[in-house]
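Below is one structure, written out as structure tokens; comments come after it.
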């Protein structure tokens, strides 16, 4: 690991200032950044520890009620604490499930909510500094395009990158219509969860709309009554402790056998958390049955681009979504 | 190779010492170990501490002493031992010329200097430092066996000779020398000035441990390589196996994925302190340790400390009662021997035992 200097943040303003320096990274849980620093995929010269900020401002590390309904989740809150929170479990089951189906008990005790959204792809070529990777070394090429790409994305890809976004949480947040609160050089601003991440296009090294020094302070979950009836379904190579091959976050509002409103997002298949408004439109107003779900699933994967080893993900994603919709409306 | 001979007066040198000792000669009256470590090891302090901990750990294994605490500022440290609370000096310095006067031109070298300031033993050849037991034996040879050992010492079953050897072996004067002349050294990547080691105090198993650490030292490496607490194991070192699981503030975490400098002021518990943290006294095991034994929750044992630390935390987490809940909760701990059925049985026995306990039954 390359040497670096370490600073414990004393205030949010300080953190933002120090974070804007070149070659600077924030650290909270460390579960992504420490791993990637060992691999020398990340080689920061300055590391700014945001954890002390949670001691002075508890809202940064806890779940609080929003005045008009909904929840504010501090960015420093740990995945496990949010997952077990009764308001989250009862009001937004898919959110709790997306957290509990991710990583392991130890990692969930460490990893922060903000850090989870900014975790890096698990593409093996990104993690291997001996191979070309446009995300890690811009312009060096994409080893996955014609390499072993079974785990890679089928949606939102480009000729420069097909790396899958690994977060389960981000998929649930996309479906729930969450907003990400960010503090930077200017005033605090809110970014829709679906707009935090950007498509790889010609510049896969740019993964989010955040600027140097920007700190995610909170995630706001809007009031959404039918989110009580929601589900995060994750399909993996093994039963637990693995990244998604395909996942679906769904919430459905059903009245008299017809779907009044629906939220659909897919994970494990996109270069960013993949909300499908096309699938939602295909569900609204329709009867709850297998044909409706299958139609929505076809809409969700429209435009998917399979590669050598990952074509199975198109059918897998569709079946995952159909099963999730079936279970949540049962 | 050394040009010094047994019986020679040990060349005197200055000590960078804040405790009132200015020269090696000031330590006359008690034996001292002078150790030279080649500085090409990188990071050099890690190697120093590693060698030092090896000395204490190996000798401790024989005599029952255990390094618990390294405190003090500058180059002068004092050590606290488990049963005996003995203050011991450790001298660390970087005098290239001193090594020359001892005739050390490369590789590790260790000299035992007797109470009169004469070299009584030395090891100055080969690429490896002497074994701690060799150093302990050389020190023990300096101390005559006394029939009347203090009760406190006798009650531990130690001989006086063992006790003295144990305590004195830790009184190291460690001097760093350059194996290669500075001019010939391969230029290294410039290290930011603030990346240097700094003093980090960790609260481990209800004791403060003060270490000189670079920021890049993970909690796992700090515990194992610097503090000599080797219960947490290094499996994958990337957060995928769970062998390094420890508790911080009562919660299970992976010590390989956090930097030690970030864990100051937190209560850290390793397998060594689990039983005591659970209220056990003496040699009593934590209920989870006992359950792993009773249910054959291991084969080779490498993952076991991580499994037990994880399991001891799982029983406090709000998981459901089924075996499948245990499997899901424990999925971050990999066992390549495949002792999973025993592990699940052990955890379930403790969880059911806890329920009995709450009803006034015996755990």
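Protein chains in written order, with our numbering: chain L, 1 to 330; chain U, 331 to 693.
Glycine included, C-beta positions come from ideal geometry on N, C-alpha and C.
Given residue i as reference, the closest of the options once Cα atoms are compared
i	options	result
residue 230 of chain L	L/109, L/162, L/97 and L/196	L/97
residue 29 of chain L	L/18, L/57, L/40 and L/77	L/77
residue 176 of chain L	L/192, L/102, L/108 and L/164	L/192
residue 578 of chain U	U/639, U/559 and U/526	U/639
residue 288 of chain L	L/84, L/323 and L/245	L/323
residue 224 of chain L	L/90, L/164, L/307 and L/235	L/90
residue 217 of chain L	L/38, L/190, L/67 and L/154	L/190
residue 306 of chain L	L/57, L/208, L/261 and L/150	L/150
residue 330 of chain L	L/239, L/198 and L/257	L/257
residue 345 of chain L	L/317, L/318, L/309 and L/92	Nothing can be reported for residue 345 of chain L, as the shown portion of chain L is limited to 1 through 330.
residue 597 of chain U	U/581, U/612 and U/542	U/581
residue 164 of chain L	L/65, L/18 and L/274	L/274
residue 642 of chain U	U/613, U/677, U/628 and U/455	U/677
residue 304 of chain L	L/315, L/295 and L/294	L/315
residue 281 of chain U	U/656, U/664, U/430 and U/446	Chain U is shown from 331 up to 693; residue 281 of chain U falls before or after that span and cannot be answered.
residue 535 of chain U	U/543, U/557 and U/624	U/557
residue 546 of chain U	L/166, L/36 and L/168	L/36
residue 79 of chain L	L/67, L/107, L/18 and L/54	L/107
Interface flag, residue i vs chain L, CB-CB below 8 Å
i	result
residue 635 of chain U	no
residue 568 of chain U	yes
residue 627 of chain U	no
residue 656 of chain U	no
residue 335 of chain U	no
residue 598 of chain U	no
residue 591 of chain U	yes
residue 602 of chain U	no
residue 674 of chain U	no
residue 531 of chain U	no
residue 677 of chain U	no
residue 648 of chain U	yes
residue 645 of chain U	no
residue 681 of chain U	no
residue 488 of chain U	Its pLDDT being 40, under 50, residue 488 of chain U is placed unreliably by the model, and nothing is read from it.
residue 638 of chain U	no
residue 584 of chain U	yes
residue 448 of chain U	no
residue 358 of chain U	no
Residue i at chain U interface by Cβ criterion, 8 Å
i	result
residue 110 of chain L	yes
residue 38 of chain L	yes
residue 159 of chain L	no
residue 106 of chain L	yes
residue 1 of chain L	yes
residue 122 of chain L	no
residue 168 of chain L	no
residue 4 of chain L	yes
residue 327 of chain L	no
residue 217 of chain L	no
* Inside the stretch 180 to 226 of chain L only - beta strand (DSSP E) runs reaching at least 3 residues -> 189 to 192 and 215 to 221
* Asked: Okay, do the stretch 201 to 215 of chain L and the stretch 275 to 292 of chain L touch, 3+ Cβ pairs below 8 Å being the bar?
  -> no
* Going along the chain, which residues of the stretch 540 to 573 of chain U sit with their C-beta nearer than 9 Å to a C-beta in chain L? -> 544, 545, 546, 548, 567, 568, 569, 570 and 572
* Evaluate contact between the stretch 143 to 160 of chain L and the stretch 116 to 133 of chain L, counting only Cβ atoms and requiring at least three cross-stretch pairs below 8 Å. => yes
* Asked: Does the pairing of the stretch 17 to 28 of chain L with the stretch 45 to 61 of chain L give three or more beta-carbon distances under 8 Å?
  -> yes
* **Inter-stretch contact at 8 Å, needing at least 3 Cβ pairs: the stretch 291 to 300 of chain L / the stretch 217 to 232 of chain L** => no
* **Within 7 Å of chain L by C-beta, residues of the stretch 605 to 622 of chain U in sequence order** => none
* To do: Could you tell me whether the stretch 130 to 138 of chain L touches the stretch 99 to 118 of chain L, using the rule of 3 or more Cβ pairs below 8 Å?
  => no
* Got a sec: which bits of the stretch 10 to 27 of chain L sit with their beta carbon under 7 Å from any beta carbon on chain U, in order along the chain? -> none
* Residues in the stretch 268 to 294 of chain L with C-beta within 7 Å of chain U's C-beta atoms, listed in sequence order? -> none
* Whole alpha helix (DSSP H) elements within the stretch 55 to 115 of chain L, 4-residue minimum -> 79 to 84, 86 to 91, 93 to 100 and 105 to 110
* To do: Could you pull out every unbroken alpha helix (DSSP H) segment of at least 4 residues lying fully inside the stretch 516 to 582 of chain U, listed in chain order?
  => none
* Three or more C-beta pairs below 8 Å linking the stretch 168 to 175 of chain L and the stretch 240 to 253 of chain L -> yes
* Asked: Quick check: the stretch 603 to 612 of chain U against the stretch 648 to 659 of chain U, are there 3 or more CB pairs under 8 Å?
  -> no
* Members of the stretch 659 to 671 of chain U near chain L, C-beta cut-off 9 Å -> 659, 660, 661, 662, 663 and 664
* contact_flag[the stretch 556 to 564 of chain U, the stretch 626 to 644 of chain U] where n(CB pairs < 8 Å) is 3 or more -> yes
* To do: Compile a chain-ordered list of the residues in the stretch 34 to 59 of chain L whose CB is closer than 9 Å to at least one CB of chain U.
  => 34, 35, 37, 38, 39, 45, 46, 47, 49 and 51
* Could you pull out every unbroken beta strand (DSSP E) segment of at least 3 residues lying fully inside the stretch 593 to 664 of chain U, listed in chain order? => 597 to 599
* Asked: Below 8 Å, can you find three or more Cβ-Cβ pairs linking the stretch 583 to 598 of chain U to the stretch 538 to 552 of chain U?
  -> yes
* What are the residues of the stretch 228 to 247 of chain L that lie near chain U, defined by any Cβ-Cβ distance shorter than 7 Å? -> 240 and 241
* To do: Report yes or no: do the stretch 612 to 631 of chain U and the stretch 661 to 673 of chain U share at least 3 C-beta pairs separated by less than 8 Å?
  => yes
* Asked: Relative to chain U, which residues along the stretch 182 to 198 of chain L have a C-beta separation below 9 Å, given in chain order?
  -> none
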